[in-house]
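So the protein lines, in turn, are chains A and B. Quick note on numbering: the first sequence equals residues 1 to 111 in this note's numbering. Quick note on numbering: the second sequence equals residues 112 to 225 in this note's numbering.
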Amino acid sequence: GQQLNQSPQSMFIQEGEDVSMNCTSSSIFNTWLWYKQDPGEGPVLLIALYKAGELTSNGRLTAQFGITRKDSFLNISASIPSDVGIYFCAGQFYNNNDMRFGAGTRLTVKP
Amino acid sequence: ETGVTQSPTHLIKTRGQQVTLRCSSQSGHNTVSWYQQALGQGPQFIFQYYREEENGRGNFPPRFSGLQFPNYSSELNVNALELDDSALYLCASSPERTSTDTQYFGPGTRLTVL
Chain A
1 GQQLNQSPQS
11 MFIQEGEDVS
21 MNCTSSSIFN
31 TWLWYKQDPG
41 EGPVLLIALY
51 KAGELTSNGR
61 LTAQFGITRK
71 DSFLNISASI
81 PSDVGIYFCA
91 GQFYNNNDMR
101 FGAGTRLTVK
111 P
Chain B
112 ETGVTQSPTH
122 LIKTRGQQVT
132 LRCSSQSGHN
142 TVSWYQQALG
152 QGPQFIFQYY
162 REEENGRGNF
172 PPRFSGLQFP
182 NYSSELNVNA
192 LELDDSALYL
202 CASSPERTST
212 DTQYFGPGTR
222 LTVL
């Protein structure tokens, strides 16, 4: 089952606002990833994190890998309508193909 | 557009039946992973195939099986379908077995078991 606790479950924000979501786990992961899934599509990778404490940006997206390797956050700045979708965190153990996903954060952006 | 395609898009089966789902990997990718995504949940890892051999398996019973072909297309087979098998089934291809950051997902097959 899911080993990652992702919050919040859903968010309703106004266009232009900043967004923050996070993930915690009882397990230590080697790699942490953030995905976005649109309706009728598979997840698309947004950011991958490899080192404890690592802070990485991809355009308006910023994500950090927690020092303990058990948590991560994703921030989206100046949200736009196309940011709508479900965001998933995922963790991968060292040398293991089993990737664990959180339950997702559903983001709605009101124009 | 990830270059990963899946068929069929939707499928309806009844309990006890068997189903085969298909995935065509992105060109040059020798690794494929399959995931089950229940409604309102994140994907759950079923198994991975690398160069036609199973290379890791999640917590799924043996009635979930797979095949990968020399052209790197693959199949997911599920026997003795149960109601709880209703889900979106995703495949994801990658150029190497450990490259999760270059793993591309297909659009999925929505399976409904009645």
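C-beta atoms are modelled at their ideal positions from N, C-alpha and C, and glycine is treated no differently.
- The beta carbon of residue 127 (chain B) is closer than 7 Å to those of 191 and 192 in its chain, skipping five residues each way along the sequence.
- For residue 174 (chain B), same chain residues with a beta-carbon under 8 Å away, outside a window of 5 residues either side, are 189, 190 and 191 in chain order.
- Residue 105 (chain A) and residue 197 (chain B) have their C-alpha atoms spaced approximately 22 Å apart.
- Distance between residue 108 (chain A) and residue 181 (chain B), taken at the CA atoms: about 43 Å.
- Of the other Cβ atoms in all chains shown, 16 or more fall within 10 Å of the Cβ of residue 36 (chain A); this residue is therefore buried.
- The C-beta of residue 48 (chain A) has 16 or more other C-beta atoms within 10 Å across all chains shown, which makes the residue buried.
- Listed by position along chain B, the residues whose Cβ is nearer than 7 Å to that of residue 48 (chain A) are 212.
- In this structure, A:63 is the residue among A:63, A:12 and A:76 with its C-alpha nearest to the C-alpha of residue 52 (chain A).
- Residue contact check for residue 129 (chain B) against chain A: no CB pair falls below 8 Å.
- Taking C-alpha positions only, residue 178 (chain B) is separated from residue 130 (chain B) by approximately 13 Å.
- Considering only B:217, B:146 and B:121, the residue with the shortest C-alpha distance to residue 171 (chain B) is B:146.
- Within chain A, the residues 40, 41 and 42 have their CB atoms less than 9 Å from the CB of residue 218 (chain B), given in chain order.
- In the three-state scheme derived from DSSP, where H, G and I count as helix and E and B as strand, residue 213 (chain B) is classed as helix.
- One Cα belongs to residue 46 (chain A), the other to residue 214 (chain B), and the distance between them is close to 12 Å.
- Cβ contact annotation for residue 54 (chain A) (same chain, cutoff 6 Å, sequence separation greater than five): 65, in chain order.
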